[in-house]
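The UniProt record's numbering puts the first residue of the sequence shown at 1, with every later residue one more than the last. Where a beta carbon is used, it is the ideal one built from N, C-alpha and C, also for glycine.
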Amino acid sequence: VELNELLMDKNQEMHWKETARWIKFEEDVEEETERWGKPHVASLSFRSLLELRKTISHGAVLLDLDQKTLPGIAHQVVEQMIISDQIRAQDRANVLRALLLKHRLVSPLHISKKISQVTCLLKNTLLIWIMHVDFLDQPTMAFVRLQEAVLLESVLEVPIPVRFLFVLLGPPNANIDYHQIGRSISTLMSDKHFHEVAYLADERQDLLTAINSFLDCSIVLPPSEVGGDELLHSIARFQKEILHKRHEQEVKLQAKEPKTLHPPLKPEDDPLRRTGRLFGGVIRDARRRYPKYISDFKDALSPQCMATVIFIYFAALSPAITFGGLLGEKTDGLIGVSELIISTAMQGMLFCLLGAQPLLVVGFSGPLLVFEESFYSFCRSSEIEYLTGRLWIGIWLIIIVVLTVAFEGSFLVRFVSRFTQEIFSFLISLIFIYETFFKLGKVLRCFCCLCYCSKILIFMFTKAAFNASQTLNQPNTALLSLVLTAGTFFIAFYLRKFKNSAFFPGTLRRAIGDFGVPIAIFIMVLLDYSIKDTYTQKLSVPDGFSVTSPDKRGWLIHPLGSDGQFPIWMMVASILPALLVYILIFMETQITTLIVSKKDRMLVKGSGFHLDLLIIVVAGGVSALFGLPWLTGATVRSVTHANSLTVMSKAVAPGDKPRIQEVKEQRVTGFLVAFLVGLSIVIGDVLRQVPIAVLFGIFLYMGVMSLNGIQLTERMMLLFMPPKYHPEHTYVRKVRTLRMHLFTCLQLVCLAVLWAVMSTSASLAFPFVLVLTVPFRRFLLSRIFTRREIQCVSVSFLFVDRKNYICRCIFFTCLVISYAVV
Numbered sequence: 001v002e003l004n005e006l007l008m009d010k011n012q013e014m015h016w017k018e019t020a021r022w023i024k025f026e027e028d029v030e031e032e033t034e035r036w037g038k039p040h041v042a043s044l045s046f047r048s049l050l051e052l053r054k055t056i057s058h059g060a061v062l063l064d065l066d067q068k069t070l071p072g073i074a075h076q077v078v079e080q081m082i083i084s085d086q087i088r089a090q091d092r093a094n095v096l097r098a099l100l101l102k103h104r105l106v107s108p109l110h111i112s113k114k115i116s117q118v119t120c121l122l123k124n125t126l127l128i129w130i131m132h133v134d135f136l137d138q139p140t141m142a143f144v145r146l147q148e149a150v151l152l153e154s155v156l157e158v159p160i161p162v163r164f165l166f167v168l169l170g171p172p173n174a175n176i177d178y179h180q181i182g183r184s185i186s187t188l189m190s191d192k193h194f195h196e197v198a199y200l201a202d203e204r205q206d207l208l209t210a211i212n213s214f215l216d217c218s219i220v221l222p223p224s225e226v227g228g229d230e231l232l233h234s235i236a237r238f239q240k241e242i243l244h245k246r247h248e249q250e251v252k253l254q255a256k257e258p259k260t261l262h263p264p265l266k267p268e269d270d271p272l273r274r275t276g277r278l279f280g281g282v283i284r285d286a287r288r289r290y291p292k293y294i295s296d297f298k299d300a301l302s303p304q305c306m307a308t309v310i311f312i313y314f315a316a317l318s319p320a321i322t323f324g325g326l327l328g329e330k331t332d333g334l335i336g337v338s339e340l341i342i343s344t345a346m347q348g349m350l351f352c353l354l355g356a357q358p359l360l361v362v363g364f365s366g367p368l369l370v371f372e373e374s375f376y377s378f379c380r381s382s383e384i385e386y387l388t389g390r391l392w393i394g395i396w397l398i399i400i401v402v403l404t405v406a407f408e409g410s411f412l413v414r415f416v417s418r419f420t421q422e423i424f425s426f427l428i429s430l431i432f433i434y435e436t437f438f439k440l441g442k443v444l445r446c447f448c449c450l451c452y453c454s455k456i457l458i459f460m461f462t463k464a465a466f467n468a469s470q471t472l473n474q475p476n477t478a479l480l481s482l483v484l485t486a487g488t489f490f491i492a493f494y495l496r497k498f499k500n501s502a503f504f505p506g507t508l509r510r511a512i513g514d515f516g517v518p519i520a521i522f523i524m525v526l527l528d529y530s531i532k533d534t535y536t537q538k539l540s541v542p543d544g545f546s547v548t549s550p551d552k553r554g555w556l557i558h559p560l561g562s563d564g565q566f567p568i569w570m571m572v573a574s575i576l577p578a579l580l581v582y583i584l585i586f587m588e589t590q591i592t593t594l595i596v597s598k599k600d601r602m603l604v605k606g607s608g609f610h611l612d613l614l615i616i617v618v619a620g621g622v623s624a625l626f627g628l629p630w631l632t633g634a635t636v637r638s639v640t641h642a643n644s645l646t647v648m649s650k651a652v653a654p655g656d657k658p659r660i661q662e663v664k665e666q667r668v669t670g671f672l673v674a675f676l677v678g679l680s681i682v683i684g685d686v687l688r689q690v691p692i693a694v695l696f697g698i699f700l701y702m703g704v705m706s707l708n709g710i711q712l713t714e715r716m717m718l719l720f721m722p723p724k725y726h727p728e729h730t731y732v733r734k735v736r737t738l739r740m741h742l743f744t745c746l747q748l749v750c751l752a753v754l755w756a757v758m759s760t761s762a763s764l765a766f767p768f769v770l771v772l773t774v775p776f777r778r779f780l781l782s783r784i785f786t787r788r789e790i791q792c793v794s795v796s797f798l799f800v801d802r803k804n805y806i807c808r809c810i811f812f813t814c815l816v817i818s819y820a821v822v
């Protein structure tokens, strides 16, 4: 929306000058510098709105005018003014001459670049002409809507099609403020509701009704000396109530409309719709996803994807090394870092080539580590070969997943509501944050207390030939590790925020933001390398493609054991631990797919629950033949991968917040990450220069960034915030505050129970307890909260029939099994 006023220059020549514009907020031209001022919310006088309504009720209204040029439009406007007795016939030439005067634009040196970027978002625009002239006796107005938007040369600073025009002319002594009336119609046209009415109006009365509706939602401030925060809080609270009533009226009107205006989700668009045929879900996933296979490689041609590869490489390598080291400790070296790195590389590359949702990052997880430790203890106490037992579990895994996929068992994912998704996402993010501080705390305790004190005592009592400087410098390890961790996190965090700042040109700013994590890693590694006299623990990467313990095992696992005496009963009984592993992989992979594929991300290529589950589980089952670990869809790494590939909108209105424009849905980044993880064994000498503390910073960054976008995190913050400061979210406006807090507290109780189960000897029951959050949400919360409250706070992924007795039987079985395991 552009406001033009008729002014006189220093040469006493009249011309039109742009004085303000609206994209979302108002921007005014500063008279001294001829620059655009800061975007701000327009504040209007009540009288100007009344005057505007009066002029439209008596002025000329031309709807769907069929003209393509400015002279043709001006001629029709003047004729309509004469017909409506607003001007005299003898004033025709003067008014027409005034409308066709030259337009003076804002200096090109000060034209905002953002305006040229935002043109792609604007379908049409409104051009406003406001002036006072001496040859008229009374104000005259015309509101014009063209039949088609047209480009008016030398009128606008950028080539935007014009669809609406508003003309207001009158004598200077008419006792009305022309400028304020122009601001009023400009603000109205920038309002979404009035804008829609202006497009669809059939007559003058439609515009007047829309103005009345705008007045109903406006606030009039009486003249007083009250100001500051008290006034702002009062206005915000009153406006909140007005908008709430307006929204309720819209909901009532929509309820009266035919249901055909809001068609339900088409069956073919539902990825979990059952076809009723064997393997029908897998076949449908392949038919829906594989036609876009070529574009999965073309869409990777972006610098942002290259930055993602570097970032996610370290994000995938660090858990592989960490969990690999723990696996080696828990299994006495039968499975360690080498096996986990190779498994992550091979299964990752396979999944990225064949999977339906290549944004998933497959990796090892904490629950799988708990199972490996428990199963190894069982095998050792029962004198059963651990790796052979894992092989039979892998065989049963393949059988279970084939049966599940054949009968489209992934449809059970539709029962997983946002309630469970948020708990699981928050739990995984919390694990990453906790592990960062736990491991950093071990470094601080080890090098700041034990090593320092013990070496000082040894030096004092034995008078050994220690280098005093080295002894005293040992505590610096703890300090430097803390600096490396914090530095990596804060540099990556603020460079990501820098991407949407106002510094530097947009291209450079976005490049710095995309490569924020690699820059942080490089700076911290360089800092560590430059400090020669302080020890820091480095990455421990194995040499070559060899097993962790060559003296205990080889690459191929014999199904009958090393001595051919593996018990037959264990071959059959392995179905029970296989079922446990399958539930772990099923829940984590499918919930991760739900989170990555949620509507907010605006993914367009779709996903495949059946196909992805089949690939991950079968690959894991085959890996057991080589003594390699099973993998699953890693939640935090996958969410971080999707976030790093998200492109925020560049063409936003001044003062508006950037929104998700697209996500680079492709297979190249995941494939390269998996390939580089496997290549890490070859470039071990380089990786051994990377401090462990830098990876701690990456862990912390992934955990913190994964908390963004989780509604549970937002509602937890609202627990400590007065209601008057609550944001305008649906669950805030439609649910009472105490009820919303009660829902949040129940989620936190479930989170605490899951954390307790995972941290105790009952950890094997973790997958079953996680499954129990689904019936807890469906059958218990429905008795505490109304259906409307639950829909506002926690909505199911897809519609679920509440009379599904099969689902209830499955959840009851999980309850019994979890109780038995505990």
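If you draw a 10 Å sphere on the C-beta of V682, you find fewer than 16 other C-beta atoms in it, and that means exposed. Segment contact: the region 418-433 against the region 747-756, three or more CB-CB distances shorter than 8 Å; contact assigned. Cβ contact annotation for L96 (same chain, cutoff 8 Å, sequence separation greater than five): A74, H75 and V78, in chain order.
The beta-bridge partner set that DSSP reports for I335 is empty.
Inter-residue distance for L539 and F768 is about 35 Å (C-alpha atoms, whole angstroms).
Restricting attention to E26, L645, G506 and L272, the CA atom closest to the CA of E408 is found in L272. Beta-bridge analysis with DSSP links W16 to L6 and H103. Here DSSP, grouped into helix, strand and coil, assigns D134 to coil. 8 Å or more divides the Cβ of W396 from the Cβ of M570. When DSSP assignments are scanned along the UniProt domain "Band 3 cytoplasmic" (126-226), the uninterrupted stretches of alpha helix (DSSP H) that are 4 or more residues long and fall wholly within it turn out to be 178-190, 192-200 and 204-216. Taking C-beta atoms as the reference points, V668 and L317 fail to come closer than 8 Å.
The shortest CA-to-CA distance from R787 to any of W36, F364, R183 and K734 is the one to K734. A320 carries a helical assignment under DSSP once its states are collapsed to helix, strand and coil. The DSSP assignment places 660-663 as complete runs of the beta strand (DSSP E) inside the region 653-697, in order along the chain (cut-off: 3 residues). Out of L152, L151 and D91, the CA that lies nearest to the CA of P139 is found in D91. Annotation for E728: no alpha helix (DSSP H) segment contains it, and DSSP assigns it neither H nor E. Boundaries of the beta strand (DSSP E) around E27: E26 to D28. Ranked by Cα distance from L594, the first of R88, A642 and P722 is A642.
The beta carbon of T632 sits closer than 6 Å to those of S365, I585, E588 and T589, all from its chain and outside the five residues before and after it, given in chain order. Beta-bridge annotation (DSSP): A60 is paired with A142.
In the three-state reduction of the DSSP assignment, K439 falls in the helix class, which pools H, G and I. Taking every protein chain shown into account, the CB of H244 has fewer than 16 other CB atoms within 10 angstroms, so this residue is exposed. Within its own chain, the residues whose Cβ lies closer than 6 Å to the Cβ of V405, once the five positions on either side in sequence are excluded, are V282, H610 and L614, listed in chain order. A Cβ-Cβ contact shorter than 8 Å links Q67 with L146.
Annotation for D285: A356, G608, H610 and L611 place their beta carbon closer than 6 Å to its own, counting only its chain and skipping 5 residues before and after. A distance below 6 Å between beta-carbons, with the five flanking residues on each side excluded, links R390 to the following residues of its chain, in chain order: A624. About 18 Å separates the beta carbons of L127 and M14, which is beyond the 8 Å limit, so they are not a contact pair.
Here DSSP, grouped into helix, strand and coil, assigns H641 to helix.
A straight-line Cα-Cα distance of about 8 Å links N500 and R509. Ranking F504, G516 and I784 by CA distance to the CA of Y494 puts G516 first. Under the DSSP assignment, T646 falls outside any alpha helix (DSSP H), being part of the beta strand (DSSP E) whose first and last residues are T646 to M648.
Out of T737, R777 and A307, the CA that lies nearest to the CA of I519 is found in A307. Distance from the Cα of L700 is smallest, within the candidate group F46, A492 and S782, for A492.
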